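Engineer: If you're matching positions, the sequence shown starts at 0 in numbering that gives the first Met the number 0 and goes up one per residue. Please find one structure pasted underneath; my questions will follow.
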Amino acid sequence: MKIGIIGAGNIGGNLTRRLTALGHDVSVANSRGPETLAALVEETGATAVTASEAARGAEIVVVTVPLKNVPDLPAGFLDGAAEGFAVIDTGNYYPRERDGRIAAIEDEGLTESRWTELRIGHPVIKAFNGTYAQDILDRPRPAGDPERLALPVAGDDAAAKEKVRLLIDELGFDSVDAGGIDDSWRQQPDTPVYGLREGVDAVTKALGAASPERPEGFRG
Ligand SMILES: NC(=O)c1ccc[n+]([C@@H]2O[C@H](COP(=O)([O-])OP(=O)(O)OC[C@H]3O[C@@H](n4cnc5c(N)ncnc54)[C@H](OP(=O)(O)O)[C@@H]3O)[C@@H](O)[C@H]2O)c1
């Protein structure tokens, strides 16, 4: 499958590693330009491109940049993606350490992924946001393995969500349907499921135990 990854850091780099190893055709971009991705290209066989080019022909586009950088993504960067493509949003809002205060999230109560959707002009599927980047490399397990971890997945587009859940399964993880993007506060930072390394039952329980109130440490 053709997959575009925008962001080549902890998460984007490791998704590039695993998805190329699985045989996918991966294009990857960062902010500084394709020439700065030579080492990742050499290691994985992915194609380094600009952010404007990463989505071209892609069935799945992964947006995995710090939240504060989402508004910097080039206009029209999703133009030219394959019909029915899905966008995975791995983002989290860290107002104090990284992103600065975003009023639409804190005052208007938008979920972090709804805010991202509005910035990029396309629905997203929220996934991997509570997954340790290293676990993408270290913790894949075959289906049915009792040690297999489960990831919560939220999104409003059922077909896109299914496409992403199948990819997660291929990557070696189970997934739990965490509802729509308005429900995705259940998997934001500092919720019980965030960073939880457990299977389907515990992840389902943790999603149910979340509080809609934004934790103090995640207010700007
Ligand atoms: N680290 C984790 O374990 C983890 C786990 C789950 C979720 N997340 C979330 O996933 C997102 C990415 O996290 P990360 O840790 O992978 O970030 P990171 O290591 O800081 O990497 C960020 C990447 O985004 C790129 N980038 C920034 N602005 C860009 C732009 N305008 N166009 C194209 N690329 C751009 C950077 O490129 P340059 O280096 O060239 O600037 C870099 O490759 C964050 O929202 C984070 O909270 C992280």
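By construction, the Cβ of each residue, glycine as well, lies at the ideal position given by its N, Cα and C atoms. Quick caveat, the model's predicted, so the values are computed rather than measured.
Looking at C-alpha atoms only, which residue of N91, E169, D181 is the closest neighbour of G22?
Structural biologist: Of the candidates N91, E169, D181, the one whose C-alpha sits nearest the C-alpha of G22 is E169.
Engineer: Using C-beta distances below 8 Å, list every residue in its chain close to A57, excluding the 5 sequence neighbours before and after it, in chain order.
Structural biologist: These residues qualify, in order along the chain: K1, I2, G3, S26, A80, A81, F84.
Engineer: How is the alpha helix (DSSP H) around L36 delimited, first residue to last?
Structural biologist: No alpha helix (DSSP H) contains L36, which DSSP labels as neither H nor E.
Engineer: For the structure I just gave you, are there three or more beta carbon pairs, one from the region 176-188 and one from the region 68-75, closer than 8 Å?
Structural biologist: Contact between the region 176-188 and the region 68-75 is absent, because fewer than three Cβ pairs lie under 8 Å.
Engineer: Identify every run of the beta strand (DSSP E) within the region 82-147, keeping only runs that are complete inside it and at least 3 residues long; order them along the chain.
Structural biologist: The region 82-147 contains these whole beta strand (DSSP E) runs: 85-88.
Engineer: So is E116 buried or exposed if we call it buried at 16+ other beta carbons inside 10 Å?
Structural biologist: Looking at its Cβ environment, which holds 16 or more other Cβ atoms inside 10 Å, E116 is buried.
Engineer: List the residues that DSSP assigns as beta-bridge partners of G154.
Structural biologist: Bridge partners of G154: I124.
Engineer: Determine whether the beta carbon atoms of R138 and L148 lie at a separation below 8 Å.
Structural biologist: Yes, these two residues count as a Cβ contact at 8 Å.
Engineer: In angstroms with no decimal places, state the Cα-to-Cα distance between V175 and D98.
Structural biologist: Taking the straight line from one Cα to the other gives about 28 Å.
Engineer: Among residues of its own chain, excluding the 5 on either side of V202, which ones have a beta-carbon nearer than 7 Å to its beta-carbon?
Structural biologist: Counting only Cβ-Cβ distances below 7 Å, and skipping sequence neighbours, we find A149, P151, V175, V192, L195.
Engineer: Where does V25 sit, in a helix, a strand or coil, going by DSSP?
Structural biologist: Looking at V25 - three-state DSSP - the assignment turns out to be strand.
Engineer: Is A45 near T89, with beta carbons less than 8 Å apart?
Structural biologist: Contact flag unset, no.
Engineer: Can you name the start and end residues of the beta strand (DSSP E) that G44 belongs to?
Structural biologist: First-last for G44: undefined, no H or E at that position.
Engineer: If you reduce the DSSP assignment to three classes, tell me which class S183 lands in.
Structural biologist: Of the three classes helix, strand and coil, the one that applies to S183 here is helix, per DSSP.
Engineer: At a cut-off of 7 Å, would you count G219 as near ligand 1, judging by its Cβ distance to the nearest heavy atom?
Structural biologist: False, no ligand heavy atom lies under 7 Å from that Cβ.
Engineer: Determine the contact status of D189 and G216, defining contact as a CB-CB distance below 8 Å.
Structural biologist: In contact: D189 and G216 (Cβ atoms closer than 8 Å).
Engineer: Quick one, are the C-beta atoms of L136 and N29 less than 8 Å apart?
Structural biologist: No, these two residues do not count as a Cβ contact at 8 Å.
Engineer: Alpha carbon to alpha carbon, how far is V123 from Q187? Give it in angstroms, no decimals.
Structural biologist: Straight-line Cα distance between these residues: approximately 15 Å.
Engineer: Any heavy atom of ligand 1 closer than 7 Å to the Cβ of G6?
Structural biologist: Yes, since a heavy atom of ligand 1 falls inside the 7 Å radius drawn around the Cβ of G6.
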